[in-house]
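See structure below.
There are 2 protein chains.
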Amino acid sequence: MARPRTFDEDQVVCAARDQFRTTGYTATSLDDLTAATGLGRGSLYGAFGDKHALFLRALDSYRDEAIAAIRADLSTAGSPLMRLAAHVHAMAAFVIGDTAQRGCLMAKSAAELASTDPEVARRVNQFLTEAHGLLAECIDAAQRAGELAPGHDPAQQANLVLVVLRGMEAVIRCGAPPSMVRDAAEQILALLPRPTGAAGSSDPSDRV
Amino acid sequence: MARPRTFDEDQVVCAARDQFRTTGYTATSLDDLTAATGLGRGSLYGAFGDKHALFLRALDSYRDEAIAAIRADLSTAGSPLMRLAAHVHAMAAFVIGDTAQRGCLMAKSAAELASTDPEVARRVNQFLTEAHGLLAECIDAAQRAGELAPGHDPAQQANLVLVVLRGMEAVIRCGAPPSMVRDAAEQILALLPRPTGAAGSSDPSDRV
DNA sequence: CGCATAGTTTACCGTATGGTCCATAACGGA
DNA sequence: TCCGTTATGGACCATACGGTAAACTATGCG
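Those protein sequences? They're chains A and B, same order as listed.
Each residue of the first sequence is one higher than the last, beginning at 83 in the numbering used here.
Each residue of the second sequence is one higher than the last, beginning at 83 in the numbering used here.
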């Protein structure tokens, strides 16, 4: 009983998310957003409130997709360790392939806003916590499958893996060569302690 | 034969650097800078040119101090591996102790500007390259001292260590618990391959 | 003591920003 | 068809931004 919207809300959030991702929050103007979404200011404000609220929506969207991607990597076919390796390699390929240097919206938002904006900080922390949980779960499965040495806390090992993953994202934006990311990915997989009796320290290529 | 300056240029750069570090580049206004430095706009522009030039000066200053700090860590007394461990632990303590969440200016600048500002990108990359060189040098020394297993490329191992160090900085700003940083620091040191015949995989505490 | 030079201070400028308002348009229901 | 309701688009607003101009002030030299 009223005029219907001419846009899909999710598509608009997606367009805004891409814009925020390339320009950052502060440096993205409303003109940028109207250009990116195709909506006028009135529609944008009517649907989302203001710039900050739209940014939070974009952040939610990015976080959900990022977590879904991790879950997908860790749910492919194969043994737990193979799935962990698949994710690490996927992340390495992702950051290396980001030739436009658009980077991870989570990391960029954390750098720009997390220290002053609690709502951003909460979302970034959610992402980190969920990612850690998924990694720990997979590492635990790998231990129980006998692929990784038992007796190590999966949560602690997931800490290291997560730090490496976030570090790969960080260094590539510092202009690091792809080889730095590749090396880090291969080594972290090779160095996770294997059960005694099984090799796996020096040549990772035959294990993962 | 002219009116002398009433300020010390380095002190001003230092004050501006702190301001940029807490607020970022775009979100730092000239009023913020005049307040932080105590200088008027005229003096600021007369001495440094404009906001961007002042930022680059601040970035140079930060990079130089950061590199000097790494070099200092890696030059303390003790064996090469002990010095490497000292640096990793120092970095962990540093990021954990940054309770104000001010973060690393290099990382924040890379996130905010490196993709669009070549001059920032160059400085960030310099920092990364120099840090990598220092780490590789120390790892090489540890290999030659028999503390680390030979046969691994020090540059490659430095890649992993550097990724972990930058990752620690990244996750802490995502609200990660200090334990995540501590775990990553301890594990990366424990997992670097030791010479055959020497243990070092399961209990790091007695080695570093 | 002036005078040239350089530093400081303050007022100001054009512009771009985030946000609002309102006239208009498009729908469903009566 | 008419009306209530909601969406749209563009004009508009106050403000804050980076940067500039000019008047003023402090120094060294002659």
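Even glycine gets a Cβ: it sits at the ideal position worked out from N, Cα and C.
No Cβ of chain B is located within less than 8 Å of the beta carbon of M164 (chain A).
Not flagged as an interface residue toward chain B: K133 (chain A), since no C-beta distance is shorter than 8 Å.
Look at E91 (chain B) here: in three-state DSSP terms it is helix. Per DSSP, L271 (chain B) is one residue of the alpha helix (DSSP H) stretching across 260-273. With contacts defined by Cβ atoms closer than 8 Å, L273 (chain A) and C220 (chain A) do not form a contacting pair. Under the three-state reduction of DSSP, Y127 (chain A) is assigned to helix. Under a criterion of Cβ atoms nearer than 8 Å, no residue of chain A is adjacent to S111 (chain B); the nearest Cβ is some 11 Å distant. Looking at the backbone, the Cα of D146 (chain A) and that of Q238 (chain A) are separated by about 24 Å. DSSP places G179 (chain A) in the uninterrupted alpha helix (DSSP H) bounded by 162-179.
L141 (chain A) has its alpha-carbon roughly 24 Å from the corresponding atom of S157 (chain A). With respect to the 8 Å criterion, A224 (chain A) and A240 (chain A) are not classified as neighbours on the basis of their beta carbons. Residues of chain B with a Cβ closer than 7 Å to the Cβ of D265 (chain A) are, in chain order, Q238, N241, L242.
Residue environment for R123 (chain B): exposed (fewer than 16 other C-beta atoms within 10 angstroms of its C-beta). The DSSP-derived three-state label of D142 (chain A) is helix. For E229 (chain A), the secondary structure class from DSSP, reduced to helix, strand or coil, is coil. Within the model, the alpha-carbon separation for G215 (chain A) versus D222 (chain A) is close to 10 Å.
In this structure, DSSP gives T108 (chain B) a state outside helix and strand, which the three-state scheme calls coil. Setting aside the 5 residues that flank it on each side, R226 (chain A) has no residue in the same chain whose C-beta is closer than 6 Å to its C-beta. Cβ contact annotation for A192 (chain B) (same chain, cutoff 7 Å, sequence separation greater than five): V206, in chain order. If you check the CB distance, G249 (chain B) and K190 (chain B) do not come in under 8 Å. Following the DSSP letters along the chain, one finds Q239 (chain A) inside the alpha helix (DSSP H) bounded by residues 236-255. Where M188 (chain A) is concerned, the enclosing alpha helix (DSSP H) starts and stops at 187-195. Considering only A:F209, A:L242, A:P162, the residue with the shortest C-alpha distance to A151 (chain A) is A:F209. Straight-line spacing of the CA atoms in P277 (chain A) and H234 (chain A) works out to 11 Å. Spatial neighbours of L138 (chain A) in its own chain (CB-CB distance under 8 Å, excluding positions within 5 residues in sequence) are listed in chain order as E201, V202, R205. Annotation for I270 (chain B): V170, L242, V243, V246 place their beta carbon closer than 8 Å to its own, counting only its chain and skipping 5 residues before and after.
For R205 (chain B), the secondary structure class from DSSP, reduced to helix, strand or coil, is helix. Contact of C256 (chain A) with chain B is assigned, a C-beta pair being separated by under 8 Å. Rounded to the nearest whole angstrom, the C-alpha separation of S143 (chain B) and G257 (chain A) is 19 Å. Rounded to whole angstroms, the separation of the alpha carbons of P260 (chain A) and D114 (chain A) is 31 Å. Remark: C-beta atoms of F102 (chain A) and L187 (chain A) approach each other more closely than 8 Å. Distance from the CA atom of L195 (chain A) to the CA atom of L230 (chain A), rounded to whole angstroms, is 38 Å. If you ignore the 5 residues before and after T88 (chain A), its C-beta comes within less than 6 Å of no other C-beta in its own chain. Ranked by how close their Cα comes to the Cα of D265 (chain B), the residues B:A175, B:G228, B:T211 have B:A175 in first place.
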